[in-house]
Amino acid sequence: MLKNIETVQKYANWMAVTGVSERVQFSYGSFRQAGIELPDRRSLYFQVGRTIFLHHALDDSNVIGNILEQGMEIVRLHDMRSMPFRDNHVTLVGYCAVALCALEMVNSNGEAVLDLGSADGILSLPALKRSARKAYCIDCENYQSQLERHLQANGLPTSSMKFVKADLNRTHILDLIPGGDIGIVVANLGPHYLDTDINATRLIEGMPNVHHFVGGGYFNREGCKPDKVVKLLCRMGFKNPRYVAIDEHEPRTAFVVERK
Ligand SMILES: C[S@@+](CC[C@H](N)C(=O)[O-])C[C@H]1O[C@@H](n2cnc3c(N)ncnc32)[C@H](O)[C@@H]1O
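Residue 85 in numbering that gives the first Met the number 0 sits at position 86 of the sequence shown, with consecutive numbering throughout.
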């Protein structure tokens, strides 16, 4: 039987990664070898910095106790087929890890967070657990039921998140969410969806109270760097870009900019 979280980390440290500008540590793995049997055995935890995502059915008190003792924050996922694990593929996990690290650098207490290209809300869930007031999640695919299940797994009220199925390349989303309420925007889109990251960033022009923007999905290759989006944000009055990057396995970059 699993005694403590170190045992778990032993099975997963192969994913530990060193950052370029910030140290990023993330790992994911399965508790199966430790004798814990759950229905979805593919990846039963995912740790980024001090946040650990756990399968909702994992209730081993030794594990939970040790995680909490180490000062980590637990976020429950209804299943571990969340977007970055969909294909159990290291490249997607890396994008999500740097975006989560960048988001962790922003104080979300009492804030309304807008999650552009949210999928099932893996970025906004930790913000809600850290006392964000509300998350608005937008995706062109329907993630309503997955989001609801993740909220339930974390004991969060359904009213804490609003999902809107919409195309970010069309500006009508501002009719569907209260732009003036948003303080933090997170968009893990990168250059993978044509100009969607640029078009989504332009939506911020209708949101005067946004003070932090976290962008992810980028990597260090010509045409794939976050420079164009950061420049656009700087023209909108954001400054002080800070980058979180990993340079092993696959290079991945996320950034944070702020506006007073
Ligand atoms: C890389 S995934 C990020 C998912 C999740 N936020 C994460 O960090 O793991 C990008 C998401 O953006 C959504 N997306 C892509 N193009 C979009 C568009 N034009 N409008 C709305 N959502 C879009 C995709 O459906 C996908 O769920």
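Even for Gly, the Cβ is constructed at its ideal location relative to N, Cα and C.
Remember, predicted model here, so these are calculated numbers, not experimental data.
Residue side-chain check: A98 places its Cβ nearer than 7 Å to a non-hydrogen atom of ligand 1.
By alpha-carbon distance to G222, the top candidate from V185, I197, S107 is I197. Ranked by how close their Cα comes to the Cα of L53, the residues L124, G109, Q143, I203 have L124 in first place. Under DSSP, E140 shares a beta bridge with no residue. DSSP assignment within the stretch 170-245 yields the following whole alpha helix (DSSP H) runs of 4 residues or more, N-terminal first: 195-201, 226-234.
Three or more pairs of CB atoms, one per stretch, sit closer than 8 Å, so the stretch 97-104 contacts the stretch 237-246.
Per DSSP, reduced to three states, the secondary structure at I63 is helical. Taking 8 Å as the cut-off, the beta carbon of D119 is found closer than this to the beta carbon of H149. In the structure shown, the three-state DSSP call for L115 is strand.
In the structure shown, L57 adopts coil according to DSSP, grouped into three states. For S117, the shortest separation between its Cβ and any heavy atom of ligand 1 lies below 7 Å. With a cutoff of 8 Å on beta-carbon distance, V255 and V105 are scored as near each other. In this structure the stretch 150-159 does not touch the stretch 181-189; the number of beta carbon pairs closer than 8 Å is below three.
With a cutoff of 8 Å on beta-carbon distance, T200 and P225 are scored as not near each other.
Rounded to the nearest angstrom, the gap between the Cα atoms of N61 and V209 is 41 Å. The closest heavy atom of ligand 1 lies less than 7 Å from the beta carbon of C95. The beta carbon of T195 sits closer than 7 Å to at least one heavy atom of ligand 1. Judged by DSSP in its simplified three-state form, R75 adopts strand. Measuring C-alpha to C-alpha distances from G48 to each of D78, G93, L76, R220 identifies G93 as the nearest. Residue pairing of E257 in beta bridges, as defined by DSSP: H211, K238.
Between E257 and K230, the C-beta spacing is not below 8 Å. Relative to ligand 1, D166 has its C-beta within less than 7 Å of a heavy atom. The closest CA to that of L122, considering only L232, E204, Q46, is found on Q46. For the options V97, A134, A96, L91, the alpha carbon positioned closest to that of G109 is the one of A134. If you look at Q46, you'll find it in the beta strand (DSSP E) that goes 44-47.
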